[in-house]
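Undergrad: Take a look at this one; I'll ask things after.
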Amino acid sequence: MNEKPRKFKGGVHPDDSKALSASKPIQDAPLLEKYTVIMHQNIGAPPELVVKKGDAVKKGALLAKATGFVSVPLHAPTSGIVSAIDKCPGPTGLAIPAIEITADGSDEWGSPFEPIADWRQCPPAELRQRVADAGVVGMGGAGFPSHVKLSPPPGKEIDTLILNGAECEPYLTADHRLMLEQAEEVVVGAAIIARIIGLDTAIIGVEDNKPDAIAALEAVAGRYNVRVQALPVNYPQGAEKQLIYAITGREVPVGKLPMDVKCVVQNVASAVAVADAVVRGRPSIERVTTITGKPVVRPGNWRLRIGTPIAKALELAGGISEQPAKLLLGGPMMGIAQRSLGVTVMKNTSGILLIAGDEVSLYTSEPCIRCGRCVEVCPMSILPATISQAVENKRFDWAQQLNVTACIECGSCSYVCPSHRPLNQHFKWAKVEIQSKLRKK
Amino acid sequence: MDTALVAIVSTGAIGGVLGVVIGVVAKAFAVETDERIERVGELLPGANCGGCGFAGCADFAKAVVGARALPGQCPVCSPDDVRNISQYLGIEAEQKEKRVAVVRCSGDCANTVRTLYNGIRDCRSAVVVAGGAKGCDHGCLGFGSCANACPFGAIEIRDGLAVVHPELCVGCENCVATCPKNLIVMVQASVDVHVYCNSPEKGAAKRLVCKTACIACRKCVKAGEEGQMVVDGFLVRTNYENPPTTDLVEKSQCPTSALRLASKHAANEYQGAAK
Amino acid sequence: MPENESSPSIRLPDPAKLVVSNSPHIRSGQNIPRIMFTVVAAMLPACVAGVWFFGLAALEVLLLCTASCVLFEELWNRLTQRPSTWKDGSAIITGILLGMNLNAGVPWWVCLLGGLLAIVLGKQLFGGLGYNPFNPALVARVGLLIGLPEIMTTWNATRSMGADVITTATPLGMAPGAVEIKQMLLGNTGGCLGETSAIALLAGGAILLAFKLIKWEVPVAFIGSVAVITGIAHWANPAEYHSPVVHVLSGGLLLGAFFMATDMVTSPMTRKGALIFGLGCGIMTSLIRLWGSYPEGVSFSILFMNALTPLIDRMTIQKPFGYVAPEKGKVA
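This is how it looks when you write it as structure tokens:
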């Protein structure tokens, strides 16, 4: 396999602003009084409640069980009482059901499963089941159930496992700190995942603006037959298809999955969650999140339990020094703007980012001047300007012909557009309309 | 002078010859048309709204003549129009009741909490961002997707709320599918009392974000006759099978003014009615 | 469930003031005025050269054209009740480009008329910036050339040619062999006030390329194809045809190739399209110059290719990353 990564076409180089939090070690958040675990944290079917109001639960106890193959269970972030099952503001802005746990203060473990100390001897199927039981999802942002990715259908051969440590989003440093401080767990997670899908090696792709993380990983990688691949800085380097191309040179066909080119990609944070589930016997109830942004008093990286309200998380970081214009879950390129502080940390909340007013001033869209910058930077080689005009005229059929469905919503086109056109929103809209048309048929 | 003459004569000759050719071709290859289709097309209102389910008035006329559709299926036709067409074709005129659209939300900017939204001004597009950035997850976004779809200008966007003018609405249903919050229903035009709220949330949660939400206090249920207003979860609805009379609004003293008369709502008479 | 109950000492964001919008939430800071004024800066060297060689008359023409373009843009927006747009800089560019495309000695009303043609006919009637199919400055130039052929084909002499010489011919209008290459490089020759100085135009082109405001494919293909075609003609019959060096350095070729053919709105968006566009411009220009009845063909060829731009864009739709050709017999 080649050592030099390929450069994918397009991409942008926004100011990464990672210096705000990159040097801040991960801190454990103190125990809170209440946690609100949002019910639906994964792509696929929401899980089904197994507790009711008033139940006492131990830390790690099952709160909701998976309701199918593409579904993951939820576990209690601490020991205490289920004090409410009600709606809470969801990450998309719409209210969704959530389970409120009032802590009893003892924080006593009651994990539903035992550690698997000798995972090297454990049958892969059992390890895969553990990943599913622990409720591990893609923690980079999508929230796709990990065990589904690790279950290629018969006939799909897998020859490469890639761990995504690119963290190409500006501002975010959670994965960076994780790789630096818990390099061994990352690598062990990689080795376990490799065993599950029948491989004996894995590649960890890391953008080369994190030399300390690369060094830390390389120090332990050899022992587990894992290789660390430095990647050039180019957003969206961490997008699955671009990452696979950079490392293996394979192009994932439009509308297909990585497994169609014999690859499995997992986020490094998910790998740590897998290692936790297998080696320590702990379900996925916490994650490392970057709390950052210019208005934040003390930006940094915290290990937060799932269900931590954003307001409490921001308090950890010392609150704000000025009113931000935007509150985002995730990074500035793909994160979701929030309108409430009642949203809680989910398994895929890689960052809580506040953006100051001068960075986001409200943009009004002007007519396209056809400068072609969006075409230059599009990592999927589609024609954002043309598609956007089709959508503006509600010609979703044209948009479909122009392959709008190939768009990965990385936002590079909107980032460079001098007319500040809402390109990304046009594409999201077009995809929704195309989907609903398909469903009608 | 000579050149001008030559030009006039030659152009004239070419025109004449082509005219004759076109005339001959038109006769020789003429397509037989049913004159009844043309006549029915003239009798139809010609709005081309598509409300009948056919591709415009011409297509509908063809269907009517071919007995695949009844004239009454045209939502725009007045009873007179229907009678004229039926008489012309010698078929029986069916009775039809006029239906109008109702947007089941009264949360304009003055009544409902809204978040600052920076993006495309179209409801169907806005829902991909924070569900439309309205305090109430179920309310009208007011970017006017329905108003744009209305061929008759019957929907007005007033202070961030879509309001149907019943006297302009012909019931073509073009707006119904455009609403991403599924707020628009078609009801009999004769019913004037509607609940202008469609949020299934609890009353307290609704009141936090909207002054004019239906909180299911049941005052209207008690004020009306049995079965005229029905309770559906945390929401009361008009029973269109057994509609209440217009004085119910007056009698019930709806505390949030979610219960309204469509005609008065259109005339903006409930402004500031919410306490 | 609790919205937000914070300890009093720590300040938290006020949710009512948060803005929601779709991602991305940061922008590159690039905007239309910035692009437009960089282009204006790139045009300055050629303008300065024009004023240097043709005197204050050239400055007057440039200023008048710019003022009239801005005036008509603002007038149109007022009449149609649209927001004012002259500050975005596009009308200023059109004005300067128009001025550069005129002889230094044209009367004031020609500048005014040019501004009207460029802004109203060339741009606003199509819907304003971004919707115009043709380069507005060229629409005005060609309109004036057809309407006022005498004024538009009389060329002021440069100041160094002596006080007794009032008008002169452009290099392309001279007999082959009578042309001085050095003077053409500097710009001390007859022609439109902005097109004579090859060095100044190249400097401006370099600025545009450095700021990535134009695609290199357009000027390279344009100039390259003119050089090759006129080179073959010159090689076949040196007595009849100018050398390719003269062709490249003279007339509006450099001006057109760097500043007009590269106009973002009216040229193709993809690199492949830009290459085709430049080639087309070059071939058309060569044909008109060598065998057409006009000595100069840059404007016509660019307008012609402007008209073909939607077609080129359609031809050069790129395949998405990971594109798989649809199976045979299946309609995509």
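Protein chains in written order, with my numbering: chain V, 1 to 441; chain G, 1001 to 1275; chain D, 2001 to 2332.
Every residue gets a Cβ at the ideal spot worked out from N, C-alpha and C, and that includes glycine.
So, is the C-beta of serine 2299 (chain D) closer than 7 Å to a C-beta in chain G?
TA: No, serine 2299 (chain D) lies away from the interface with chain G (no Cβ there is under 7 Å from its Cβ).
Undergrad: Using a 10 Å radius around the Cβ and a threshold of 16 neighbouring Cβ atoms, would you call histidine 13 (chain V) buried or exposed?
TA: With fewer than 16 other Cβ atoms within 10 Å, it is exposed.
Undergrad: When the cut-off is 7 Å and only beta carbons count, does threonine 2270 (chain D) lie next to chain V?
TA: Yes, contact with chain V.
Undergrad: Cα separation between lysine 1027 (chain G) and glycine 1066 (chain G)?
TA: Approximately 26 Å between the Cα atoms of the pair.
Undergrad: Which partner residues does histidine 176 (chain V) have in the DSSP bridge list?
TA: In DSSP, histidine 176 (chain V) forms no bridge with anything.
Undergrad: With C-beta atoms as the reference, is glycine 2143 (chain D) less than 7 Å away from threonine 2170 (chain D)?
TA: Taking 7 Å as the Cβ cut-off, glycine 2143 (chain D) and threonine 2170 (chain D) do not qualify as a contacting pair.
Undergrad: Helix, strand or coil for methionine 1229 (chain G) per DSSP?
TA: The answer is strand: DSSP assigns methionine 1229 (chain G) an E or B state.
Undergrad: How about the segment 388 to 397 of chain V and the segment 326 to 333 of chain V: do they share at least three Cβ pairs that are nearer than 8 Å?
TA: The segment 388 to 397 of chain V vs the segment 326 to 333 of chain V: no contact.
Undergrad: What is the rounded straight-line gap between the Cα of glutamate 1269 (chain G) and the Cα of glutamate 1156 (chain G)?
TA: So the two alpha carbons sit approximately 15 Å from each other.
Undergrad: Listed from N- to C-terminal order along the chain, which residues in the segment 2023 to 2048 of chain D have their beta-carbon within a distance smaller than 8 Å of any beta-carbon of chain V?
TA: Correct list: Ser2023, Pro2024, His2025, Ile2026, Arg2027, Ser2028, Gln2030, Asn2031, Ile2032, Arg2034, Ile2035.
Undergrad: For the segment 412 to 425 of chain V, list every residue whose C-beta sits within 7 Å of some C-beta in chain D, in sequence order.
TA: From the segment 412 to 425 of chain V, only Ser414, Tyr415, Val416, Pro418, Ser419, His420, Pro422, Asn424, Gln425 have a Cβ closer than 7 Å to chain D.
Undergrad: Taking only beta carbons into account, state which residues of the segment 1095 to 1116 of chain G come closer than 7 Å to chain D, listed in chain order.
TA: Those would be Thr1115, Leu1116, in chain order.
Undergrad: Grouping DSSP H, G and I as helix and E and B as strand, with all else coil, what is leucine 1259 (chain G)?
TA: Of the three classes helix, strand and coil, the one that applies to leucine 1259 (chain G) here is strand, per DSSP.
Undergrad: May I have a chain-ordered list of the alpha helix (DSSP H) segments no shorter than 4 residues that lie completely inside the segment 2171 to 2222 of chain D?
TA: Complete alpha helix (DSSP H) runs here, min 4: 2181 to 2186, 2198 to 2210.
Undergrad: According to the Cβ coordinates, are threonine 1178 (chain G) and serine 1199 (chain G) closer than 7 Å?
TA: No, they are not a contact pair.
Undergrad: Using DSSP with H/G/I as helix, E/B as strand and the rest coil, what is glutamate 1173 (chain G)?
TA: Residue state, collapsed to three classes: coil.
Undergrad: In terms of residues, what are the limits of the beta strand (DSSP E) holding tryptophan 302 (chain V)?
TA: Note, tryptophan 302 (chain V): beta strand (DSSP E), 300 to 305.
Undergrad: For the segment 2283 to 2316 of chain D, enumerate the residues whose C-beta is nearer than 7 Å to any C-beta of chain V, in chain order.
TA: Those residues of the segment 2283 to 2316 of chain D that come within reach of chain V (Cβ to Cβ, closer than 7 Å) do not exist; the list is empty.
Undergrad: Taking only the alpha-carbon atoms, compute the straight-line gap between valine 2331 (chain D) and aspartate 397 (chain V) and give it to the nearest angstrom.
TA: Note on valine 2331 (chain D): pLDDT 45, under 50, position unreliable in the model; the coordinate value appears next. Their Cα atoms are separated by approximately 14 Å.
Undergrad: Name the DSSP bridge partner or partners of proline 91 (chain V)?
TA: According to DSSP, proline 91 (chain V) bridges with nothing at all.
Undergrad: Would the segment 123 to 131 of chain V count as touching the segment 75 to 89 of chain V if we require 3 or more Cβ pairs under 8 Å?
TA: These segments do not touch.
Undergrad: Assuming valine 2106 (chain D) and valine 2061 (chain D) form a contact by the criterion Cβ under 8 Å, report the distance between their Cβ atoms to the nearest whole angstrom.
TA: Valine 2106 (chain D) to valine 2061 (chain D), Cβ: 6 Å. Contact.
Undergrad: Express the C-alpha separation of lysine 1098 (chain G) and cysteine 1214 (chain G) in angstroms, rounding to a whole number.
TA: Taking the straight line joining both Cα atoms gives about 27 Å.
Undergrad: Which ranges does the beta strand (DSSP E) cover as unbroken runs of at least 3 residues, wholly within the segment 1049 to 1105 of chain G, from first to last along the chain?
TA: Runs found: 1099 to 1103.
Undergrad: Which residues does DSSP pair with threonine 289 (chain V) in a beta bridge?
TA: Bridge partners of threonine 289 (chain V): V:Trp302.
Undergrad: Considering only their Cβ atoms, is the gap separating alanine 406 (chain V) from methionine 380 (chain V) smaller than 7 Å?
TA: Yes. Within cutoff.
Undergrad: Closest by CA to aspartate 2263 (chain D), which one among D:Cys2047, D:Leu2117, D:Leu2129?
TA: Answer by Cα proximity: D:Leu2129.
Undergrad: Using the beta-carbon of each residue, which ones in chain V are nearer than 7 Å to arginine 2011 (chain D)?
TA: Ordered by position in chain V, the residues that pass the 7 Å Cβ test against arginine 2011 (chain D) are Gly319, Ile320.
Undergrad: Which ranges does the alpha helix (DSSP H) cover as unbroken runs of at least 4 residues, wholly within the segment 1106 to 1135 of chain G, from first to last along the chain?
TA: The segment 1106 to 1135 of chain G contains these whole alpha helix (DSSP H) runs: 1123 to 1126.
Undergrad: What residues in its chain sit with their C-beta under 7 Å from that of alanine 2118 (chain D), if we drop five residues either side in the sequence?
TA: Within the same chain, alanine 2118 (chain D) has close Cβ partners Cys2069, Thr2094, Leu2098, Pro2136, Ala2137, Val2139, Ala2140.
Undergrad: Would you identify the three-state DSSP class for histidine 1194 (chain G), choosing helix, strand or coil?
TA: Looking at histidine 1194 (chain G) - three-state DSSP - the assignment turns out to be strand.
Undergrad: Could you tell me the distance, in whole angstroms, from the CA atom of proline 5 (chain V) to the CA atom of threonine 160 (chain V)?
TA: For proline 5 (chain V) and threonine 160 (chain V), the distance between alpha carbons rounds to 15 Å.
Undergrad: Could you name the residues that DSSP lists as bridge partners for valine 1164 (chain G)?
TA: Partner(s): G:Ile1155.
Undergrad: As a quick exercise: from D:Thr2285, D:Thr2270, D:Leu2145, pick the residue whose alpha carbon is nearest that of leucine 2253 (chain D).
TA: Answer by Cα proximity: D:Thr2285.
Undergrad: Residues of the segment 2102 to 2133 of chain D with a CB closer than 9 Å to any CB of chain V: list them in chain order, please.
TA: Cβ contacts with chain V come from Gly2127, Gly2128, Leu2129, Gly2130, Tyr2131.
Undergrad: Out of D:Ile2223, D:Phe2053, D:Lys2212, point me to the one whose CA is closest to leucine 2279 (chain D)'s CA.
TA: The shortest Cα separation from leucine 2279 (chain D) among D:Ile2223, D:Phe2053, D:Lys2212 belongs to D:Ile2223.
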